[in-house]
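To keep things clear, I will list the structure first and then write my remarks on it.
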Amino acid sequence: MNPYVLTILLSSLGLGTVLTFASSHWLLAWMGLEINTLAIIPIMAQQHHPRAIEATTKYFLTQATAAAMILFASTTNAWLMGEWEIHQLSHPLATTTVMLALALKLGLAPVHFWLPEVLQGLELTTGLILSTWQKLAPFALMIQVAPTINSSLLVAIGLLSTLVGGWGGLNQTQLRKIMAYSSIAHLGWMVLILQLAPSLTLLSLSLYIIMTSSAFLTLKTNNALTINTLATSWTKSPTLAALAALVLLSLGGLPPLSGFMPKWLILQELTKQGLPLSATLAAMTALLSLYFYLRLCYALTLTIYPNTLTATAPWRLNFTMITLPLSIITILALGLLPLTPAVTAMLAL
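Residue numbers (UniProt numbering): 1 to 349.
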């Protein structure tokens, strides 16, 4: 793709998200979401591959449907209640419709079916943008309307997403689909605590973006798309393979890695708020996700790829990929747990 065109598209992507962040009126927020969607579609379709075109079409249709639902809900609220402000969304029909539309935009269960298929058809870098940056604008709206949404609906969507995210990834061999189900599960944890502690949702979202970026950049560096390809990466870069295994365990939420912090704090908050059953169910669904992360770690570090190599030593060419972002994000994805007391003190302010 032409660098100038790419610059314009990435700038539009940023503009759409910032516009949604800054808006207090539903029409302005809707415009930001539309700019965001239209900017990423050429980036998704740049490969000119049938799978990429199919993924782009599916993404466009789902995002257009969600945007139409948001427009319908905001117009309904303005008609019945006389309010266009995002904070003044009060009619039950409008709040439920907006919640379902934002769930569709984010890929939350039960409207998650498009996400694994779309992510599977994309290149890893575009998949990274879709899994991280594209979640910001809908989440900003969701946090603003959360106080008016039925709490039972939020808890149900959150628990269903963690269950679907864990269950769906069990039988996958394609890494991009596994990352899609991982995304669904993590977003479920965020929605679960959204009404009770929005600051914890933001903390979880930040750590999710850090860990997912590290995982995608690792896969991109290893040029791995399936579990079998991942098994060969230790011969290319043993250090990166070891760090990748730790990043996957961090995504699974194992201590003493960074991913343990949001799960720990969310379970603690749910128990404090008198929802021990929801906390128990969420913790049990996290075990499903942990299983497929452990499966990836096993393939990455404990198996030898079943090929007999005829050459004694492969050619080692000069490595030209920029690895500084990967290094910084991986350090953050692994070592933030000791900062938990500082984070809890900040959240209490």
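Backbone N, C-alpha and C define an ideal beta-carbon position, used for all residues, glycine too.
Fair warning: this is a prediction, and the values are worked out from it, not measured in the lab.
Is it buried or exposed for residue i, if we count other Cβ within 10 angstroms and need 16 for buried?
i	result
W234	buried
L93	exposed
R51	exposed
G168	buried
F21	exposed
S90	exposed
P255	exposed
I35	buried
L339	exposed
A68	exposed
T56	buried
P138	buried
A345	exposed
S11	exposed
I328	exposed
If I measure Cβ to Cβ from residue i and keep anything under 8 Å in the same chain, skipping five residues before and after, which residues do I get?
i	result
I86	S23, S24, H25, W26, A29, L141, Q144, V145
P341	none
T221	S237, L240, M321, T323, L326
T301	W234, A241, A242, A245
Measure the Cβ-Cβ separation of residue i and residue j and say whether it is below 7 Å.
i	j	result
residue 353	T132	Nothing can be reported for residue 353, as the shown portion of the chain is limited to 1 through 349.
T97	A73	yes
S199	L347	yes
T62	W114	yes
L207	S258	yes
A39	L71	no
Leaving out the 5 sequence neighbours to the left and right, which residues in its chain are closer than 7 Å to residue i when beta-carbon positions are compared?
i	result
A103	V111, I157
L15	I35
Nearest to residue i by alpha carbon, out of the options?
i	options	result
P262	I209, N223, Q174, N222	I209
A244	S258, W264, L219	L219
M179	L207, L205, P116	P116
M284	L13, S183, Y293, T162	T162
S151	A197, T303, G107	A197
Is the Cβ of residue i closer than 7 Å to any Cβ of chain B?
i	result
N223	In the structure shown, chain B cannot be found, because there is only a single protein chain.
| task | Indicate whether the contact test is met: 3 or more Cβ pairs, each with one atom in the segment 324-334 and one in the segment 243-251, closer than 8 Å. | result | Yes, the segment 324-334 touches the segment 243-251.
| message | Taking 8 Å as the cut-off, does the segment 41-56 touch the segment 77-86 (at least 3 CB pairs, one atom from each stretch)? | response | Three or more beta-carbon pairs separated by less than 8 Å are not found between the segment 77-86 and the segment 41-56, which leaves the two stretches without contact.
| request: Give a yes or no on contact between the segment 263-272 and the segment 173-188, applying the rule of three or more CB pairs nearer than 8 Å. | output: By the Cβ rule, the segment 263-272 does not count as touching the segment 173-188, because fewer than three pairs are nearer than 8 Å.
| field | contact_flag[the segment 225-232, the segment 185-192] where n(CB pairs < 8 Å) is 3 or more | value | Flag = no, the segment 225-232 and the segment 185-192 do not touch.
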